[in-house]
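Chemist: To convert, note that position 46 of the sequence shown is 56 in our numbering; the numbers rise steadily by one, no gaps. So that we are looking at the same thing, I have put the structure below in C-alpha cells.
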Amino acid sequence: MSVLVDTPIWSLAFRRKPVIRSGQDWFRVRALSELIGKGEAQMIGLVRQELLSGIREEAQFRRLRNGLRVYDDTPVETEDHEEAARMSNICRRHGVAGSAIDFLLCAVAARRHWKIFTSDDDFKRYARVLNVQLLPVQGASH
11 MSVLVDTPIW SLAFRRKPVI RSGQDWFRVR ALSELIGKGE AQMIGLVRQE LLSGIREEAQ
71 FRRLRNGLRV YDDTPVETED HEEAARMSNI CRRHGVAGSA IDFLLCAVAA RRHWKIFTSD
131 DDFKRYARVL NVQLLPVQGA SH
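Structure representation (C-alpha cells):
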C-alpha cells in the first residue's frame with residue numbers, strides 16, 4: 011500500500027522541533043516513520059517545494075533539502091492535473107472549496123489507488139465528495 015504524504019506531516023517530522031509536538035503529532039510522526047520503513051511513503055514535487063519554502067537560514071535549507079533527497083518524487087502526469095481540475099469542479103458544485111495543490115494531491119492519490127496522509131481537515135471535506143481515502147492514524151484524532 012502506498013500513501014501520499016501531505017506537507018504538514020513531513021513538516022512535523024523534518025521541520026518542527028520535537029518539544030513542540032503534541033501527543034497527536036507524536037502518533038503522526040510515528041506513523042510516517044513506519045510508512046518510510048516499509049517504503050510506502052510517497053511525495054510529489056510540490057510537497058517538496060512547500061517543505062523547503064520559507065526557511066530563513068541557508069544551512070537549515072541545505073540540511074532539509076539533502077535529507078529529503080532520499081525520497082523520490084512521484085511523477086505528476088497531465089492526467090493528474092486534468093483529474094485535479096475535475097475534482098475541484100465537483101467539489102465546487104457541492105459547496106466545497108479547496109486549493110489547487112490539495113486537489114492535485116487528491117488526484118495523484120485517487121488515480122493510483124493510494125491513501126492520503128494529512129493532518130489538514132480540509133481533506134475530510136474532499137473525501138465526503140470525492141473518491142479519495144485518508145490514512146487513519148491510531149491515537150491521532152484529526
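All C-beta atoms, glycine included, are put in the ideal place defined by N, C-alpha and C.
Is Val13 helix, strand or coil when you go by DSSP?
Modeler: Strand, per DSSP.
Chemist: By the three-class DSSP mapping on this structure, what secondary structure does Leu144 have?
Modeler: The answer is strand: DSSP assigns Leu144 an E or B state.
Chemist: Leaving aside the five residues before and after Trp124 along the sequence, list all residues of the same chain whose C-beta is less than 7 Å from its C-beta, in chain order.
Modeler: Cβ neighbours of Trp124 beyond the five flanking positions: Ser12, Val13, Leu14, Gln52.
Chemist: Between which two residues does the alpha helix (DSSP H) containing Ile100 stretch?
Modeler: First-last of the alpha helix (DSSP H) with Ile100: 88-103.
Chemist: With 16 other CB atoms within 10 Å as the buried threshold, where does Pro85 fall?
Modeler: It is exposed - the Cβ of Pro85 has fewer than 16 other Cβ atoms within 10 Å.
Chemist: Please name the residue, chosen from Arg102, Val147, Pro146, that lies closest to Tyr136 on a Cα-to-Cα basis.
Modeler: Of the candidates Arg102, Val147, Pro146, the one whose C-alpha sits nearest the C-alpha of Tyr136 is Arg102.
Chemist: Taking the CB atoms as reference points, tell me whether Val147 and Ala41 lie closer together than 8 Å.
Modeler: Yes, the Cβ-Cβ distance between Val147 and Ala41 is below 8 Å.
Chemist: Measure the CB-CB distance between Leu61 and Ser109 and report whether it falls below 8 Å.
Modeler: Their beta carbons are not under 8 Å apart, which means Leu61 does not touch Ser109 by this criterion.
Chemist: How would you label Asp82, buried or exposed, when you count the other beta carbons within 10 angstroms and need 16 or more for buried?
Modeler: Looking at its Cβ environment, which holds fewer than 16 other Cβ atoms inside 10 Å, Asp82 is exposed.
Chemist: I want to know whether the segment 113-123 touches the segment 87-104 - three or more CB-CB distances under 8 Å.
Modeler: They touch, by the three-pair rule.
Chemist: With 16 as the cutoff for other CB atoms within 10 Å, does Ala119 come out buried or exposed?
Modeler: Classification for Ala119: buried.
Chemist: From this set, Ile100, Ala117, Arg121, Arg25, which residue's C-alpha is nearest Gln70's C-alpha?
Modeler: Comparing Cα-Cα distances from Gln70 to each of Ile100, Ala117, Arg121, Arg25, the minimum goes to Arg25.
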